[in-house]
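Since the structure comes first, as structure tokens, the remarks are kept for the end.
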Amino acid sequence: AGNECSAGNTLKSDRLTIATGNPAYPPWVMNDAPESGEGYEAAVAYAVAQRMGYPAESVDWVRTSFDEAIQPGAKNFDFNLQQYSIKPERLEVVDFSIPYYTTTMAVVVRDGSAASGTDVTASALKKLKFGAAAGTSSQPFLADVLQPEQDMLLYDDNADVVAAIGANQIDAIVFDLPSALFVAAVQLDGGKVLGQFPVENNVSPDNFGLLMGKGSALKPCVDAAIESLAADGTLAEIESTWLSQATGAPVIDMSK
Amino acid sequence: MSLTARQRFERRERLRGIAIGTTSLVLVVAAIYWLVPLAPGWEAVQRSFFNWPILVKTFPKLLDAFLVDVMIFAWSLPLILVLSLAIALCRNTRNPALLPLRVFGAFYTDIFRGIPTILLVYLIGFGIPGLGLSRPWNSPYIWGTVALVLTYSAYVAEVLRSGIESVHSSQSAAARSLGLSEADSMRYVILPQAIRRQVPAMMNFVIALQKDVALLSFVGPIELLRQANVFKSLMANFTPYVGAAIIFLCVTVPATRYADYLLARQRAVRS
Amino acid sequence: MSLTARQRFERRERLRGIAIGTTSLVLVVAAIYWLVPLAPGWEAVQRSFFNWPILVKTFPKLLDAFLVDVMIFAWSLPLILVLSLAIALCRNTRNPALLPLRVFGAFYTDIFRGIPTILLVYLIGFGIPGLGLSRPWNSPYIWGTVALVLTYSAYVAEVLRSGIESVHSSQSAAARSLGLSEADSMRYVILPQAIRRQVPAMMNFVIALQKDVALLSFVGPIELLRQANVFKSLMANFTPYVGAAIIFLCVTVPATRYADYLLARQRAVRS
Amino acid sequence: MENPKLRLSGVTLRFGDLTVCDGIDLQVASGELICLIGASGSGKSTLLRCINLLEPIDDGQIWLDDLEISVPGLDPNPVRRRIGIVFQSFNLFPHMTVMDNITLAPRRVLSQQPDETAQAAMALLSRFGLADKAAEYPDRLSGGQQQRVAIVRALAMQPEIMLLDEITSALDPELVGEVLDVVRQLKVQGMTIILATHEMSFAREVADRVCFLDAGKILETAPPDVIFERPSNPRTQQFLARVVRTNG
Amino acid sequence: MENPKLRLSGVTLRFGDLTVCDGIDLQVASGELICLIGASGSGKSTLLRCINLLEPIDDGQIWLDDLEISVPGLDPNPVRRRIGIVFQSFNLFPHMTVMDNITLAPRRVLSQQPDETAQAAMALLSRFGLADKAAEYPDRLSGGQQQRVAIVRALAMQPEIMLLDEITSALDPELVGEVLDVVRQLKVQGMTIILATHEMSFAREVADRVCFLDAGKILETAPPDVIFERPSNPRTQQFLARVVRTNG
Ligand SMILES: Nc1ncnc2c1ncn2[C@@H]1O[C@H](COP(=O)(O)OP(=O)(O)OP(=O)(O)O)[C@@H](O)[C@H]1O
Ligand SMILES: Nc1ncnc2c1ncn2[C@@H]1O[C@H](COP(=O)(O)OP(=O)(O)OP(=O)(O)O)[C@@H](O)[C@H]1O
Ligand SMILES: [Mg+2]
Ligand SMILES: [Mg+2]
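Chains as they are written, first to last, in this note's numbering: chain A, 173 to 428; chain B, 329 to 599; chain H, 329 to 599; chain V, 126 to 373; chain Y, 126 to 373.
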């Protein structure tokens, strides 16, 4: 299998090996089972594979941590997707495809807590005590853009941040919007998305790309596949299937 | 047989102790049992940490993952013992010609105790395979184990060294005076005594190692704690860690009790 | 002053040792320096682990974060020492009435050594505040420290206990025969000797603690290793960990060398 | 004996199956010097440890003046203050200077002022020719000096009885002399002393009475002339015969 | 002396500033029994340790037969096989049975067959009345038994010379006898022996010659009659006077 671009360039001939996290979270991958194609990233992965000439049965899944994804040795995947933000620093050691999803940051609080009444303005939010999952884009966003007055706290993963807000150790959490919606709806008791940051003005666009080994020969093929998926509306369709609409989450006023 | 005054007194004391102990234990347990659930957040905490359905669901997979720990532990421990022994012996040489070995030993323990294990695991687990090794020689099991062994042997070497130093020099004089070589007197005379003295300290490290096998998970292998971590992330619930703790305790507690028992028996028999 | 035959011989041996040592060191370093870069993956490894611009960029922030470690270390260490001493004393009581203390001590060490520290940090760091404490009493600094102290004091208690047991019973007989109370003879006679003997083992744990302060980062605080972790994610590069290692080594190596020096001097002066 | 300083009655101590003190009866008058002799393992040291309450006895009673000190559960520390003991192996505290070794107990137990204790300690040290060693650590001293420090340490508590357990057997013959001189001094000053020893000639010289122990029993108690010249018990005769032969 | 078994010439050893052996000259004939006497710290033990190459000497030479064994860098083990040493504190290996204590060195150093060694060891043990203790651990034995085991352990290597360092001073007087009997036996069998001792009467009985050491020097070497009856050196006179007084 494979089209003229990808054939012969994959890890295993005639098969495409795709990596995601362990575990993989909804709404990106449902039930930690990417093989089902359910969940935004699982669906995108199969769509990209399809365009590259690999039908679903030619796709293998592996699991990697972030660390394994960026380690300097030979990779055990063709591409890896687990909400990797495309950042210039990262490009030094790995390659990214063009973005397959662009999102923004959002603030999650507990409904009924003191913080849930905060005005959706930058100046009001700065007074809250923030937490975030380390290693996501939330940390640089907090540190460089929002700059809250109190020191932020960082955690290993979403589950830990949720526990921390449950223990009232933090007032608010910053996630990418889809994760925020999911966490608020499912993981956090009485969670609520307080607001999302504006996408425009280059304040917080978070572009997710497929991660590949440095100098991967597959990059042009992957880029072409994503381009065509975007062009014919497939990506938008997948998004509307798996990601809840961000309606109802007010946009935070950064000027106040 | 009738008891002497002292025996009666001691029995009374012991009974009193047991009575006080039991009472206070019961009080504390009762306090925890009745008071903690009154805390406003108890239900949430219980749901997060002591969630029976989640425990039942995850436990079998945790047990599976524990096999990985057992495996890594089983091959790391002998390597650690051998390497730490070598380092301890290096640090213990007295021969002026062997100064470099002493320096090397001091360096080794300083560096490998001082470097955060996680860096070592990354550096060796990712770095060395990254130099261009191909499968199976780039296995994270191999290089992760190497990192673990390097770290632990530095700690254990210090324990062994102080054991060796604590065996009185007259023992080594006696051994060498019989014409035994340095190696033989170390092997047959000094080490058996040194190791015996350091059993409690070594047990500390055996237990810690059992848990630090988890460090290998940074470079891939999914062992018990990593599996618990995956479940935690997935279910946003810490109960799987409680499951992991149960498994660990089932192994380490009998092991330490047994080691203590052996030591006590040895002390009773000898001297 | 002219040298004796033995001194000449020993000087020759020492010089030979230094020569061999230096040569082999040079050879090894040269081999690493020339050969490793020839490996196909060297450039990638270098970029990931030894990236000078990244080191320069991240180092100041790492140093800042290290202050958090220093702080936590500074208040944890005395707590650990006090608690571990209390536990060791519990385990060491001989009075039949104090059986419960002995049992408690054994339980304590078994449980807190056996439970994975990460569980304890979660359980205490999230669980206790989750019961309904409000700020500042739910601070992760407080409860994370509690978890760390509980774990470490279990390990250190065992070290102290074997130190106490290694002080010959004749010392305590001598102290008690003078009419000193149990507490006084422990405090003035047994403990000073026990602690002195266990300095190398304690150093092991001081060094390990210095690094395990990082466990608090699970419940929020951004200390050195967490900061390195953030940079690693941000830059997809492991160099910040090397920076962290440099900082740790700068602290732990002089500390161990100094402890070794004190011990050696003590040994030379006494006995 | 009227008003014995120390009275043992049926003192029995077992270690498991081994009866180390087997119904020992003994009365010691104030100012008396008793020597315990007997083979190794006969129970001399253990008996002294029992008197000092370092071993709780299984049966029998011990009285110090009118106080029964063998009552189970009695706080041993006030009793131990009144009874000094010196061990064969000195057991000085290696991590303290000579001065600290001596003054620790008076300061902690008798709550004396530091300078008062120090003065008293210096006086004792001078009396035993150790004034210049006050600041030394024990392992810088010779065996004889260490043993004298151990005696001073016990005396600093101003005990009413001194128990001395083979205090010369770890010393070389030149040093033995200086330590025995100390014992002679103590006796002259009227101290009540129980001394376990293998130095038969010394026992003979200084003892008021000698007890011969064998397998945890006192087989014979008599003035030294009687014990050494015409021992009545065959086991005593045998022991003395062997000791005298090798001691030449 | 012609063909001395052992010859020391100008043997000097310093610990830092302290000269512990100070130009010691001594010749020992085959089958001779030399006693070293002298105060504690005079260097007796150290001299024996030098001969056994446990301390590398700073100056001087030591010959065993025609071999200079004091050459720096010489492999000491073949030499030590030929010289047995027994220490004051026995230094048995506490984690091994008596049998293992004795057979370890023959097995490892002489590469003997295990059963052959065991037989030889049993023979030696029987000779010294220890046959029933072969399977015991050292700390189950009395001091005298331990010391005899230590002697047997050294003899099992079939040494040409035995160095005995105050082998009775840790023993009680009844036990001293049995160990000294062993030394008498060895002498009768023609073993060359150097014995450091405080047992003057024993030295007098068995020694061929007695050396008096003081501050690392041999001040006087003479047959026992001469040393004990009319010592020529004033320091020797003083030492013997004090020792004899306390030894009674
Ligand atoms: N803690 C103990 N446990 C078991 N047995 C003991 C203990 N202490 C002493 N013994 C035994 O009690 C007996 C008497 O010992 P003790 O030390 O009193 O004898 P001793 O007359 O002082 O001998 P020595 O002259 O060698 O000092 C010995 O058989 C000894 O092994
Ligand atoms: N390792 C050492 N370092 C420094 N000094 C030492 C060492 N070994 C022995 N000495 C010193 O050497 C001197 C001689 O000691 P040695 O043990 O040889 O005397 P000795 O005649 O055997 O005495 P004793 O009769 O007490 O056994 C002593 O002053 C001792 O302190
Ligand atoms: Mg005794
Ligand atoms: Mg000596």
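Beta carbons: idealized from backbone N, C-alpha and C, even for Gly.
Indicate whether Gln156/A and Gly193/A have their beta-carbon atoms separated by less than 8 angstroms. Limits of chain A in this structure are 173 at one end and 428 at the other, which puts residue 156/A out of reach.
Run the Cβ filter for me: residues under 7 angstroms from any heavy atom of ligand 3, listed in the order they occur in the chain. Taking a cut-off of 7 angstroms from the heavy atoms of ligand 3, the residues with a C-beta inside it are Lys169/V, Ser170/V, Gln213/V, Asp290/V, Glu291/V, Ala321/V.
Where does Tyr256/A fall in DSSP's three states? Numbered from its first residue, the first sequence carries residue 256/A at position 84. Correct three-state label for Tyr256/A: coil.
How far does the alpha helix (DSSP H) with Ser404/H in it reach, from first residue to last? As a working mapping, residue 404/H is identified with position 76 in the third sequence. In the DSSP annotation of this structure, the continuous segment of the alpha helix (DSSP H) that includes Ser404/H starts and ends at 380-420.
What do you reckon, are the CB atoms on Phe268/A and Leu382/A nearer than 8 angstroms? Position 96 of the first sequence, counted from the first residue, corresponds to residue 268/A. Position 210 of the first sequence, counted from the first residue, corresponds to residue 382/A. By the CB criterion at 8 angstroms, Phe268/A and Leu382/A fall inside the cutoff.
Where Arg174/Y and Thr421/B are concerned, what is the direct C-alpha to C-alpha distance, given to the nearest angstrom? Numbered from 1 along the fifth sequence, position 49 holds the residue referred to as residue 174/Y. Numbered from 1 along the second sequence, position 93 holds the residue referred to as residue 421/B. Here the alpha carbon of Arg174/Y sits roughly 20 angstroms from the alpha carbon of Thr421/B.
Compare the C-beta of Val368/V with all C-beta atoms of chain Y and state if any pair is closer than 8 angstroms. Taking the fourth sequence and counting its residues from 1, the one referred to as residue 368/V is at position 243. Yes, because at least one Cβ of chain Y sits closer than 8 angstroms to the Cβ of Val368/V.
Please list the segments of the alpha helix (DSSP H) lying wholly inside the stretch 300-358 of chain Y, counting only runs of 4 or more residues, in order along the chain. Counting only runs of 4 or more, we get 325-331, 349-354.
Span of the alpha helix (DSSP H), counted from its first residue to its last, around Ala205/A: Here residue 205/A refers to the residue found at position 33 of the first sequence. Looking at the DSSP string, Ala205/A is not in any alpha helix (DSSP H), and its letter there is neither H nor E.
With distance defined between alpha-carbon atoms, name the residue in Thr322/Y, Val307/Y, Val304/Y, Ala281/Y nearest to Leu296/V. On the fourth sequence, residue 296/V is found 171 positions in, with the first residue counted as 1. Residue Thr322/Y is the option with its Cα nearest to Leu296/V.
In three-state DSSP terms, what is Ala191/A? On the first sequence, residue 191/A is found 19 positions in, with the first residue counted as 1. It is a strand residue.
Could you tell me whether any Cβ in chain H is nearer than 8 angstroms to the Cβ of Tyr569/B? The residue you call residue 569/B lines up with position 241 of the second sequence. Under the Cβ distance rule, Tyr569/B counts among the residues neighbouring chain H, one pair being separated by less than 8 angstroms.
Interface residues of chain B around Asn565/H at Cβ under 8 angstroms? Counting from 1 along the third sequence, the entry for residue 565/H is found at position 237. Within chain B, no C-beta atom comes less than 8 angstroms from the C-beta of Asn565/H; the nearest is roughly 11 angstroms away.
Chain V beta carbons: is any one of them nearer than 8 angstroms to that of Ala592/H? Indexing the third sequence from 1 puts residue 592/H at position 264. The beta carbon of Ala592/H sits no closer than 8 angstroms to any beta carbon of chain V.
Distance, Leu401/A Cα to Leu407/A Cα: If you number the first sequence from 1, residue 407/A lands on position 235. If you number the first sequence from 1, residue 401/A lands on position 229. Between Leu407/A and Leu401/A, the alpha-carbon positions lie close to 6 angstroms from each other.
Ignoring anything shorter than 4 residues, give me the alpha helix (DSSP H) runs that lie fully in the stretch 219-301 of chain Y, in order along the chain. Counting only runs of 4 or more, we get 223-234, 239-252, 268-280.
DSSP three-state call for Gly185/V: helix, strand or coil? Reading the fourth sequence from its first residue, position 60 is the one you call residue 185/V. Secondary structure of Gly185/V (DSSP, three-state): strand.
Any contact of the stretch 563-571 of chain H with the stretch 370-377 of chain H, i.e. 3+ C-beta pairs under 8 angstroms? A contact is defined here as three or more CB-CB pairs under 8 angstroms, and the stretch 563-571 of chain H meets this definition with respect to the stretch 370-377 of chain H.
Residue burial classification, Gly433/B (beta-carbon count within 10 angstroms, cutoff 16): Counted from its first residue, the second sequence places residue 433/B at position 105. Buried, because 16 or more other Cβ atoms sit within 10 Å of the Cβ of Gly433/B.
Ile619/B (DSSP reduced to helix, strand or coil): Chain B is shown only over 329 to 599; residue 619/B falls outside these bounds and no answer can be derived.
Taking a cut of 9 angstroms between CB atoms, which residues from the stretch 338-360 of chain A lie near chain B? Residues Gly338, Ala339, Asn340, Val355, Val358, Gln359, Leu360.
Would you mind sorting Val125/Y into buried or exposed? The rule is 16 or more other CB atoms within 10 Å of its CB. Chain Y is shown from 126 up to 373; residue 125/Y falls before or after that span and cannot be answered.
Chain H contacts made by the stretch 367-379 of chain B, where a contact means CB separation under 9 angstroms: Those would be Ala367, Pro368, Gly369, Trp370, Ala372, Val373, Ser376, Phe377, in chain order.
Listed in chain order, which residues of the stretch 232-252 of chain V have Cβ atoms closer than 9 angstroms to some Cβ of chain H? Answer set for the stretch 232-252 of chain V: Arg233, Val234, Leu235.
If you compare alpha carbons, which of Met282/Y, Ile159/Y, Phe212/Y, Ile149/Y is closest to Val304/Y? Numbered from its first residue, the fifth sequence carries residue 304/Y at position 179. Of the candidates Met282/Y, Ile159/Y, Phe212/Y, Ile149/Y, the one whose C-alpha sits nearest the C-alpha of Val304/Y is Phe212/Y.
Sequence-distant residues of the same chain with beta carbon closer than 8 angstroms to Ile518/B, five excluded per side: Here residue 518/B corresponds to residue number 190 of the second sequence, with the count starting at 1. Residues of the same chain with a CB within less than 8 angstroms of the CB of Ile518/B, apart from the 5 flanking positions on each side, are Ile492, Val495, Gln499, Ser500, Ala503 in chain order.
Restricting to runs no shorter than 4 residues, where is the alpha helix (DSSP H) found entirely within the stretch 424-485 of chain H? For secondary structure counted as the alpha helix (DSSP H) over 4 or more consecutive residues, the stretch 424-485 of chain H holds these complete runs in sequence order: 427-442, 445-450.
I'd like the span of the beta strand (DSSP E) that includes Cys160/V, first residue to last. Here the question's residue 160/V lines up with position 35 in the fourth sequence. Residues 158-163.
Examine chain A for any beta-carbon lying closer than 8 angstroms to the beta-carbon of Gly548/H, and answer yes or no. The count along the third sequence starts at 1 and reaches residue 548/H at position 220. It does; some Cβ of chain A falls within 8 angstroms.
Say the cut is 7 angstroms; is the CB of Gln140/Y nearer than that to a heavy atom of ligand 2? Here residue 140/Y refers to the residue found at position 15 when the fifth sequence is read from its first residue. The sequence as given places Phe at residue 140/Y; Gln does not occur at that position. Indeed, a heavy atom of ligand 2 lies less than 7 angstroms from the Cβ.
Residues near Asn216/V in its chain [Cβ-Cβ closer than 8 angstroms; skip 5 each side]: Numbered from its first residue, the fourth sequence carries residue 216/V at position 91. Closer than 8 angstroms at Cβ, skipping near neighbours: Ala275.
contact_flag[the stretch 531-540 of chain H, the stretch 396-407 of chain H] where n(CB pairs < 8 angstroms) is 3 or more: The stretch 531-540 of chain H vs the stretch 396-407 of chain H: in contact.
Output the distance between the C-alpha atoms of Ala414/B and Tyr361/H, rounded to the nearest integer angstrom. Reading the second sequence from its first residue, position 86 is the one you call residue 414/B. Reading the third sequence from its first residue, position 33 is the one you call residue 361/H. Cα-Cα distance, rounded: 26 angstroms.
On the three-state DSSP scale, how would you describe Ala305/A? Indexing the first sequence from 1 puts residue 305/A at position 133. DSSP places Ala305/A in strand when its eight states are reduced to three.
Tell me whether Val145/V counts as near ligand 1, meaning its Cβ is closer than 7 angstroms to at least one heavy atom of that ligand. Here residue 145/V corresponds to residue number 20 of the fourth sequence, with the count starting at 1. For ligand 1, a non-hydrogen atom lies closer than 7 angstroms to the CB of Val145/V.
Gln213/Y by DSSP, collapsed to three states: which one? Reading the fifth sequence from its first residue, position 88 is the one you call residue 213/Y. In the three-state DSSP reduction, Gln213/Y falls in the coil class, being neither helix nor strand.
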